[in-house]
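Student: Using this note's numbering, the letters of the sequence shown correspond one by one to residues 603 to 720. Note that CB positions come from ideal geometry on N, CA and C, so glycine has one too. Pasting a structure below so you can have a look.
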Amino acid sequence: QVQLVESGGGLVQAGGSLRLSCAASGRTFSRYFMGWFRQAPGKEREFVVGISWSGGITNYLDSVKGRFTISRDNAKNTVYLQMNSLTPEDTGVYYCAAIVQATTYNVWGQGTQVTVSS
């Protein structure tokens, strides 16, 4: 059974940076399409970015393009989200997710809080 564990969240001032990590269990991590989602207070969870198994295909939410970068290290079973130029609108709980033998994201981490102060 695949499990995802996020880390790296915290409190940062506007304009600052954070790097989130998502460690996955399972020997077939390299086959999973991975993604990051976020949920701001009082709002629905939204897709932020996804990355293909090889890392060759990425897809970003328009509002984070040029500021966020997703990457993965299949040897370490880990996917990363580098977030730069953070704004208060980036505040929320960030979730790592995977598509495992499915057509949509079906495995989720517990989330990590990101708070950007103005």
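Measure the C-alpha to C-alpha separation of R745 and R629 and round it to an integer number of angstroms.
Tutor: The structure shown has nothing for residue 745, since the chain only spans 603 to 720.
Student: For A642 and S687, what's the separation of their Cα atoms in angstroms?
Tutor: The straight-line gap from Cα to Cα measures roughly 18 Å.
Student: Round the Cβ separation of V716 and Y696 to the nearest angstrom and send it over; I've been treating them as touching at under 8 Å.
Tutor: Indeed they touch by this definition, with Cβ atoms about 5 Å apart.
Student: Check R633 in the structure and name its three-state DSSP category.
Tutor: Helix at R633.
Student: So, are the CB atoms of G657 and A699 less than 8 Å apart?
Tutor: Against a cut-off of 8 Å, the Cβ pair of A699 and G657 comes out as no contact.
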